[in-house]
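Each remark here refers to the structure printed beneath this line.
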Amino acid sequence: MTIMPASGIAMGYFGGKGLPFFVTTLPGAATPNGAIAKQSFSIHKTLGTYGKYLVPMHIGGALKHSVGGNAIWSRVNPFGRPMH
């Protein structure tokens with residue numbers, strides 16, 4: 321969960337185009353480094369491809385266990401009552 325945004329930030333920063341941030345763009349590196357930007361893009365794209373399949377599988381598994389009678393939502397909700 322941290323590598324995806326980190327690779328996106330590295331891709332924008334070292335690619336020289338900067339980082340889009342809401343209504344502004346934070347400047348990129350003064351001297352772009354294409355090798356780092358290319359590697360960051362490769363990592364970002366690979367993680368995005370895996371995430372496209374793993375996130376729905378994870379949601380499906382959670383729903384399956386919820387329908388099966390397991391009280392998973394009370395365990396994963398940080399604002400729920402404590403499980404003692």
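Per the numbering used here, residue 321 is the first one in the sequence shown, and the count goes up by one each step. Even for Gly, the Cβ is constructed at its ideal location relative to N, Cα and C. Just so it is clear, the structure is predicted and the values come from calculations on it, not from any experiment.
Just verifying my parser: in three-state terms, what is the DSSP assignment at residue i?
i, result
"Phe341", "strand"
"Gly380", "helix"
"Ala355", "helix"
"Gly389", "coil"
"Gly371", "helix"
"Phe399", "coil"
What residue range is occupied by the uninterrupted alpha helix (DSSP H) comprising residue i?
i, result
"Pro347", "Note, Pro347: premise wrong, no alpha helix (DSSP H); not H, not E."
"Met324", "Ile323 to Gly335"
Pull up the CB-CB distance for residue i and residue j, whole angstroms please, since I reckon it's below 8 Å.
i, j, result
"Phe334", "Ser362", "13 Å between Cβ atoms; not a contact."
"His385", "Ile392", "5 Å"
Leaving out five residues on either side along the sequence, give the residues of the same chain with a beta carbon under 7 Å from the beta carbon of residue i.
i, result
"Pro352", "Phe334, Gly335 and Gly336"
"Gly328", "His364"
Restricting to Cα atoms, I'd like to know which of the options is closest to residue i.
i, options, result
"Lys358", "Ala391, Val396, Pro340 and Ala330", "Ala330"
"Ile356", "Thr344, Gly332 and Val396", "Gly332"
"Met321", "Ile392, Tyr370, Arg395 and Thr344", "Tyr370"
What residues in its chain sit with their C-beta under 8 Å from that of residue i, if we drop five residues either side in the sequence?
i, result
"Ile323", "Ile363 and Leu367"
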